[in-house]
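So that you can map any letter, position 349 of the sequence shown is 349 in the UniProt record's numbering, and since no number is skipped, the others follow by simple counting.
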Amino acid sequence: MSDGIFIVRDDNSLVEMRSSAFESEDLLQELLATHPSLIAGDAVDPTNPRRWLLIAREQAVPGEEGGAGRWSLDHLFVDQDGVPTLVEVKRASDTRGRREVVAQMLDYAANGVVYWPMEAIRQQFERTCAAGERDADEALREHLGRPDADLEEFWRGVDVNLRAGRIRMVFVADVIYPELKRIVEFLNAQMSPAEVIALEIKHYTGQGLRTLVPRLIGRTAEAERRKGGNTAASTAGPQLKVDEWFARLATERNAAEANTARMIYDWWRAQGCEIEVTRAQKPSFRVKLVHERGHCWPAGVRLDGKVVTALCYVMKAVPFDTIEARREVLENLERTFSQRYGERVADGEPTVPLALLQEAAAREKLFTIWQSLVDRIRAGT
């Protein structure tokens with residue numbers, strides 16, 4: 001069988017193009033970054049083709065909370081539903097393209113879903129846009145196809161997907177070997193809500209032209225049956241009412257922690273804030289604080305029994321748009337509750353276990369820290 005393709009020009013001349021290796025791995029990476037549609041979004045989801053938004057090339061992946069980048073992922077994209085899509089690229093000539101690359105990707109995914117601060121990802125996207133001389137908000141609205149899109153809601157969705165493990169791992173190579181294909185098929189059948197796929201991009205050259213032919217590999221009918229599809233709608237959890245969420249917390253943790261969470265809920269309600277339960281496999285409740293200049297999401301409680309002070313979601317609210325103000329909150333939490341956070345958690349979500357807040361005196365100390373935060377946001381100073 002001939003490993004070539006033929007292009008017929010308008011003048012009826014024929015261009016014969018032969019399969020050839022990519023000149024370098026960097027070239028393939030650059031092509032994916034410049035032309036994300038190569039990731040065959042219509043093959044990934046035929047009923048609702050995926051569109052890709054590049055967050056960054058060489059995205060740093062921390063190995064601990066607040067840590068610096070321990071690894072470097074080739075590409076991080078998000079699709080139009082805010083599903084983070086991790087892409088690792090290897091040429092066929094790289095012998096690691098079979099097993100070692102799988103271990104690398106699992107390292108990136110396992111740590112990224114836990115340690116990537118959402119605001120840091122958003123800032124990385126803004127830097128990527130700035131390097132390309134594009135406005136980040138305009139680029140995102142174009143990606144979503146809606147000029148009136150709620151961008152804050154989109155980024156919250158990315159965060160929910162990430163924390164729920166609702167991600168997509170994509171292995172890209174010019175040749176996908178049978179060994180990698182079998183591994184990908186196995187992982188995709190076993191992992192949920194995460195999705196694992198491989199993409200083979202055949203490369204043809206001839207007469208100064210270059211042709212790329214992507215082919216999705218790794219999907220099986222059994223995997224699709226088990227997952228029931230992998231869209232945001234199908235993997236999102238049910239929309240719980242607040243009382244239902246507290247009942248689930250009591251079941252998954254215990255009644256004492258649920259009671260403590262209820263008192264935290266009541267405190268925020270007394271501040272005039274709205275409370276929303278996220279749609280995720282492991283939903284949390286989030287506090288929405290409205291102020292004169294907009295709104296932010298300063299706190300929440302997770303089903304794993306952690307109380308969150310969401311510094312990453314107050315970074316656009318004065319005075320917490322400065323790292324100094326966020327560090328002050330972080331240091332107060334560390335000093336008050338004997339917690340140890342890395343410096344980067346000033347851009348993330350420091351947590352305090354519900355178990356430490358069951359005594360009224362401990363809760364009052366947290367409320368004092370939060371009260372200062374609320375007052376400063378509302379005053380804008």
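For each residue, glycine too, the CB sits at the ideal point set by N, CA and C.
Query, Result
"Sequence-distant residues of its chain with Cβ nearer than 7 Å to GLY165 (five each side left out)", "VAL113, PRO193 and ALA194"
"Terminal residues of the beta strand (DSSP E) in which ASP79 lies", "69–79"
"Reduced DSSP category for ILE377 - H, G, I as helix; E, B as strand; rest coil", "helix"
"Same chain, Cβ closer than 7 Å to GLY300, five either side skipped, listed in chain order", "SER284, PHE285, ARG286, VAL287, VAL308 and ALA310"
"Alpha-carbon spacing of ARG91 relative to ILE183, whole angstroms", "17 Å"
"ARG262 Cβ short of 7 Å to the ligand PLP heavy atom set", "Because no ligand of any kind appears in the structure shown, any question about the ligand PLP cannot be addressed here."
"Spatial distance of GLU324 from LEU373 (CA atoms)", "13 Å"
"Local Cβ density within 10 Å of MET263, reported as buried at 16 or more and exposed below that", "exposed"
"Euclidean distance between Cα positions of SER20 and ASP26", "16 Å"
"Ranges of the alpha helix (DSSP H) found wholly within the segment 239–323, counting only runs of at least 4", "242–252 and 255–270"
"Collapsed DSSP secondary structure at ARG146 in the structure displayed", "coil"
"Boundaries of the alpha helix (DSSP H) in which GLY41 is found, first to last residue", "41–44"
"Distance between beta carbons of GLY66 and VAL345, contact taken as under 8 Å", "4 Å"
"DSSP-derived helix/strand/coil call for GLY342", "coil"
"Residue 382 - containing beta strand (DSSP E), residue span", "Not covered by the structure: residue 382. The range shown for the chain is 1 to 381."
"Cutoff 7 Å; reference GLU252; Cβ partners in own chain excluding five residues on either side", "LEU303"
"Opening and closing residue of the alpha helix (DSSP H) in which ALA131 lies", "118–131"
"Environment of THR85 [buried if 16+ CB atoms lie within 10 Å]", "buried"
"Buried or exposed by the 16-neighbour rule on C-beta atoms within 10 Å, applied to ARG326", "buried"
"The segment 121–129 touching the segment 47–56, judged by at least three CB pairs closer than 8 Å", "yes"
"Rounded distance between the beta-carbons of ARG51 and GLN80, thought under 8 Å", "5 Å"
"Span of the beta strand (DSSP E) around ALA56", "52–62"
"Rounded C-alpha distance that separates HIS295 from LEU366", "21 Å"
"Rounded Cβ spacing between GLN207 and VAL61 (contact assumed at less than 8 Å)", "About 41 Å; that fails the 8 Å criterion."
"Alpha helix (DSSP H) segment containing PHE6, residue limits", "Here PHE6 belongs to no alpha helix (DSSP H); instead the beta strand (DSSP E) covers 4–8."
"LEU38 beta carbon less than 8 Å from that of ILE197", "no"
"Segment limits, alpha helix (DSSP H) that includes LYS90", "Note, LYS90: premise wrong, no alpha helix (DSSP H); not H, not E."
"Contact belief for ILE5 with THR205 at Cβ below 8 Å, rounded distance in angstroms", "Contact flag wrong, Cβ pair sits at about 11 Å."
"Best match in PHE320, ASP321, PRO350 and PRO319 for proximity to GLU334 [C-alpha to C-alpha]", "PRO350"
"Residues near GLY41 by beta carbon distance below 7 Å, same chain, minus five either side", "PRO49, ARG50, ARG51 and TRP52"
"Exposure label - THR278; buried when at least 16 CB within 10 Å", "buried"
"For VAL15, three-class secondary structure by DSSP", "strand"
"Terminal residues of the beta strand (DSSP E) in which GLY157 lies", "Where GLY157 is concerned, there is no enclosing beta strand (DSSP E), although the alpha helix (DSSP H) it sits in stretches over 151–163."
"Local Cβ density within 10 Å of ARG127, reported as buried at 16 or more and exposed below that", "exposed"
"Entirely enclosed alpha helix (DSSP H) segments - the segment 178–211, minimum 4 residues", "178–190"
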